[in-house]
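Counting in the numbering used here, the sequence shown runs from 107 upward without gaps. The beta carbon of each residue, even a glycine, is placed where N, CA and C say it ideally should be. Quick notes on the structure that follows.
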Amino acid sequence: MAIASGSWVATVNHHANPHSFTSPTKPIFFLSQKPHNFHVCSSRCSMVLEEDEKKSPSPKEDKWPFFEPGPDDLNRVLSRFLRDPETRKLSSEFYEKAKENSELRTTKHLINYLVSSKNWNLLVSLCEDLREHKALPDAQTCSNLIRSCIRERKFRITHCLLSVFRSDKSLAVSASDAAMKGFNKLQMYSSTIQVFDRLKQSVGVEPSPGCYCRIMEAHEKIGDNQKVVELFQEVKSQRLSFLAKESGSIYTIVCSSLAKSGRAFEALEVLEEMKDKGIPESSELYSMLIRAFAEAREVVITEKLFKEAGGKKLLKDPEMCLKVVLMYVREGKMERTLEVVAAMIKAELKVTDCILCAIVNGFCKQRGFAEAIKVYEWAMKQECEAGQVTYAIAINAYCRLEQDDKAEMLFDEMVKKGFDKCVVAYSNIMDMYGKTQRLSDAVKLMAKMKQRGCKPNIWIYNSLIDMHGRAKDLRRAEKIWKEMKRAKVLPDKVSYTSMISAYNRAKELERCVELYQEFRMNRGKIDRAMAGIMVGVFSKTSRIDELMRLLQDMKVEGTRLDARLYSSALNALRDAGLNSQIRWLQESFDAAQTSASRYSNTKNTRTLS
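And the structure:
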């Protein structure tokens, strides 16, 4: 039906850049026997067929010509047609007509353009054509196509393309690898498992190390650690090349799965096997193993792996270093924590605030505040940066050592660095002001705290109430009490004890009774401090019934009496002449309960000395 011409010329004018394709040898197929010039102007997408003026047109000529240039030429022409919205329909018709040629070979140019233009409908059509004509692109193009579809969330098209590519063994492996990698990035691990299972079902197709790496990663993420180990054994049984770039990742994944399932020593054996095969270790692998042994408190193995990683310059995980520090703190080996900090500095790894506060706090609890301050100052000389928590711990240590000037200087430094909303630090400074009777400074600090947008908590209010109560400034204490309630901060046992103690010092016993009754109505539990104050209050006001009720409540709640409290209650009952109540008190609170007081301990200590 078509007659080949000896030569043809195709000219494409796109804007100002003309392109010509001339082939003296390739045949061109027209529905006429006459030679033609085929001109396309893409500036406004008009297509003109110019015949020789001396020749008459054939009545059987089709609307669009069909020619067969080289594959690259065809793709370039189609790509240029697709760029202009007005010629897209023409290009689609042209492509459908071109498919009638049995020697059609689509190339990566057309595929890449369809992907970049996001013409997914035409891409589906192309997918069907690939299956029909068995004209598959190269492996790189297939992988890029799969990755693009997954990136654009075109999962139906992805599975359609995979079914086409599985007809070729080499393409099946590379395309499946790209698909599984893409699904793992999207955390679609079930899709990864599905792709791998279908690949395994393909006849004569063996997964590559990359495919095994992706499927093992998927099973590890969903917590199926045993399946990861089984896949690793399968890789070893098939004797796949361990020189592949995925080998290190495969060993890292299996070690991680073994460690997570409590098989850290088996993971260590896998590491030794990895070394024997000459596979380079990764920082991730060492990090995972060190964390596993540190959590198990295997100090010797942890130290060995940590030094090994440091020697190979593979210390890159601050969280792993934190695990090692916490292990040393639990084991009481505080000096070793400083070695971890030195190793991190040598590896140019930032010492985080979590690590610093764990070390300083550990020294506070195990070696005392003085040693903790020395460690903090040493860390600052090493140019470590303290964070909010470390600052708060150091300020508390300075306050406990009564180094008030250094505590204030450190607090100012903390605020200048932007840590101006740490309630713990404010509470420590507030408590320090209370102990040194700097009430005006405490009030100013409270105002600054509010100005900076930091809401006072119960600790702050308790400190202010206590310091003003000790100074017998009841007006200020009552004002703070009311402000606390307006701020909807519920008073606790310390709050009530401080307020009752303040009014007891001022001899306002009726107010003490009111606060105590409010405390009990709020289901507050009596402790020795509260009971000691109220026994005195009830004794002074001759409220024997309420005193007996207090003692009965203490017995029910299991609160023990110390010697001073027992003596005060006993004297009050004797003064009232209540012998039966005295016997009840002696029977209910025996000597075993009252001998544990600090006064008894002090007396015993003096006797022994």
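Any idea what DSSP makes of Asn628, helix, strand or coil?
By 1-based counting over the sequence shown, the position of residue 628 is 522. In the structure shown, Asn628 sits in coil (DSSP, three-state: anything other than H, G, I, E or B).
Rounded to whole angstroms, what's the CA-CA distance from Val430 to Lys439? Just pull it up for me.
Residue mapping note: residue 430 aligns to position 324 of the sequence shown, counting from 1. Residue mapping note: residue 439 aligns to position 333 of the sequence shown, counting from 1. Spanning the two alpha carbons is a distance of roughly 11 Å.
In terms of residues, what are the limits of the alpha helix (DSSP H) holding Asn467?
Stepping through the sequence shown from its first residue, residue 467 is reached at position 361. Asn467 -> alpha helix (DSSP H) spans 459-472.
Measure the alpha-carbon distance for Glu508 versus Phe517 and round it to whole angstroms.
Within the sequence shown, the letter at position 402 stands for residue 508. Within the sequence shown, the letter at position 411 stands for residue 517. Cα to Cα, the separation comes out at about 14 Å.
Taking DSSP as the reference, what is the three-state secondary structure of Ile385?
The count along the sequence shown starts at 1 and reaches residue 385 at position 279. Three-state result, Ile385: coil.
Report the rounded CA-to-CA distance for Cys618 versus Gly638, giving the unit in angstroms.
Stepping through the sequence shown from its first residue, residue 618 is reached at position 512. Stepping through the sequence shown from its first residue, residue 638 is reached at position 532. Roughly 13 Å separates the two Cα atoms.
Would you mind sorting Ser149 into buried or exposed? The rule is 16 or more other CB atoms within 10 Å of its CB.
Indexing the sequence shown from 1 puts residue 149 at position 43. Reliability of the predicted coordinates at Ser149 is poor, the pLDDT of 37 falling under 50, and no value is obtained from them.
At what residue ranges does the region 511-580 contain a whole run of the alpha helix (DSSP H), taking only runs of 4 or more?
For the region 511-580, whole alpha helix (DSSP H) runs of length 4 or above, ordered along the chain, are 529-541, 545-557, 564-576.
Identify the continuous alpha helix (DSSP H) that holds Cys724 and give its terminal residues.
Coverage of the chain is limited to positions 107 through 715, which leaves residue 724 absent and any answer about it impossible.
For Cys147, does the three-state DSSP call read helix, strand or coil?
Taking the first residue of the sequence shown as position 1, residue 147 is located at position 41. Only weak support exists for where Cys147 lies, its pLDDT of 39 falling under 50; the coordinates are left without a value.
Under 8 Å Cβ to Cβ from Arg680, same chain only, skipping five residues before and after it: list those, please.
As a position in the sequence shown, residue 680 is number 574, starting the count at 1. If we look at Arg680 and ignore the five residues flanking it on each side, its Cβ neighbours are Ile688.
Could you tell me whether the Cβ atoms of Lys661 and Ser694 are closer together than 9 Å?
The residue given as residue 661 occupies position 555 in the sequence shown. The residue given as residue 694 occupies position 588 in the sequence shown. Their beta carbons are under 9 Å apart, which means Lys661 touches Ser694 by this criterion.
Can you tell me whether Met65 is helix, strand or coil according to DSSP?
Because the chain in this structure spans residues 107 to 715, residue 65 falls outside the shown range and cannot be described.
Since Thr496 and Leu462 should fall inside the 8 Å C-beta cutoff, what is the C-beta to C-beta distance between them, to a whole number of angstroms?
Within the sequence shown, the letter at position 390 stands for residue 496. Within the sequence shown, the letter at position 356 stands for residue 462. Between Leu462 and Thr496 the Cβ distance is about 4 Å, and since that is below 8 Å, they are a contact.
Can you find at least 3 beta carbon pairs, one from the region 517-528 and one from the region 478-490, that sit closer than 8 Å?
As far as the Cβ criterion goes, the region 517-528 does not touch the region 478-490, which means the pair count is below three.
May I ask you to report which of helix, strand or coil DSSP gives Gln89?
The first residue shown for the chain is 107 and the last is 715, placing residue 89 beyond what the model contains.
Where does Cys490 sit, in a helix, a strand or coil, going by DSSP?
Locating residue 490 in the sequence shown gives position 384, where the first residue counts as 1. Cys490: coil per DSSP, three-state reduction.
DSSP on Leu268, reduced to helix/strand/coil?
In the sequence shown, counting from the first residue as 1, residue 268 sits at position 162. Residue state, collapsed to three classes: helix.
Out of Glu401, Asp274, Arg257, state which residue places its alpha-carbon closest to the alpha-carbon of Met286.
The count along the sequence shown starts at 1 and reaches residue 286 at position 180. Ranking Glu401, Asp274, Arg257 by Cα distance to Met286 puts Arg257 first.
Does Pro163 pass the burial test, meaning 16 or more other C-beta atoms within 10 Å, or should it be called exposed?
Indexing the sequence shown from 1 puts residue 163 at position 57. At Pro163 the pLDDT is 45, less than 50, meaning the model places this residue with poor confidence; the figure from the coordinates comes in the next sentence. Flag for Pro163 reads exposed.
Expressed to the nearest angstrom, what Euclidean distance is found between the alpha-carbon atoms of Arg403 and Glu437?
Here residue 403 refers to the residue found at position 297 when the sequence shown is read from its first residue. Here residue 437 refers to the residue found at position 331 when the sequence shown is read from its first residue. The alpha-carbon atoms of Arg403 and Glu437 are separated by roughly 8 Å.
Are three or more beta carbon pairs between the region 627-642 and the region 594-610 nearer than 8 Å?
The region 627-642, when compared against the region 594-610, does touch it at the 8 Å Cβ threshold.
Report all residues from its chain with a CB closer than 7 Å to the CB of Pro597; omit the five preceding and five following residues, and keep chain order.
Stepping through the sequence shown from its first residue, residue 597 is reached at position 491. The answer, listed in chain order, is Met590.
Among Ala448, Ala449, Ala503, Gly493, whose alpha-carbon lies nearest the alpha-carbon of Arg473?
Within the sequence shown, the letter at position 367 stands for residue 473. When only C-alpha atoms are compared, the closest one is Ala503.
Buried or exposed: which applies to Gly540, given that a residue is buried once 16 or more other Cβ atoms fall within 10 Å of its Cβ?
The count along the sequence shown starts at 1 and reaches residue 540 at position 434. Buried.
Counting only the same chain and skipping the five closest in sequence on each side, list residues whose C-beta sits under 8 Å from that of Gln344.
Locating residue 344 in the sequence shown gives position 238, counting from the first residue. Taken in chain order, the residues that qualify are Glu312.
For Arg582, tell me which candidate among Asn563, Ser546, Arg558 has the shortest Cα-Cα distance.
The count along the sequence shown starts at 1 and reaches residue 582 at position 476. If we check each option's Cα against that of Arg582, Ser546 comes out closest.
Could you please give the first and the last residue of the uninterrupted alpha helix (DSSP H) stretch that includes Lys452?
As a position in the sequence shown, residue 452 is number 346, starting the count at 1. Element bounds for Lys452: 440-452.
Take Ser533 as the anchor and find which of Ala513, Lys522, Lys523 has the nearest alpha-carbon.
On the sequence shown, position 427 is the one that residue 533 refers to. Of the listed residues, the one whose Cα sits closest to Ser533 is Ala513.
State the start and end residues of the unbroken alpha helix (DSSP H) segment that holds Arg68.
Because the chain in this structure spans residues 107 to 715, residue 68 falls outside the shown range and cannot be described.
In three-state DSSP terms, what is Phe302?
The count along the sequence shown starts at 1 and reaches residue 302 at position 196. Looking at Phe302 - three-state DSSP - the assignment turns out to be helix.
Can you tell me where the alpha helix (DSSP H) holding Val341 begins and where it ends?
By 1-based counting over the sequence shown, the position of residue 341 is 235. First-last of the alpha helix (DSSP H) with Val341: 331-343.
For Ala691 and Ala531, what's the separation of their Cα atoms in angstroms?
Counting from 1 along the sequence shown, the entry for residue 691 is found at position 585. Counting from 1 along the sequence shown, the entry for residue 531 is found at position 425. For clarity, residue 691 is Leu in the given sequence; the question names Ala instead. Their Cα atoms are separated by approximately 45 Å.
Judging by CA-CA distance, which residue of Tyr219, Asp510, Ser282, Thr298 is the nearest neighbour of Phe289?
Position 183 of the sequence shown, counting from 1, holds the residue named residue 289. Checking every option, the nearest Cα to that of Phe289 belongs to Thr298.
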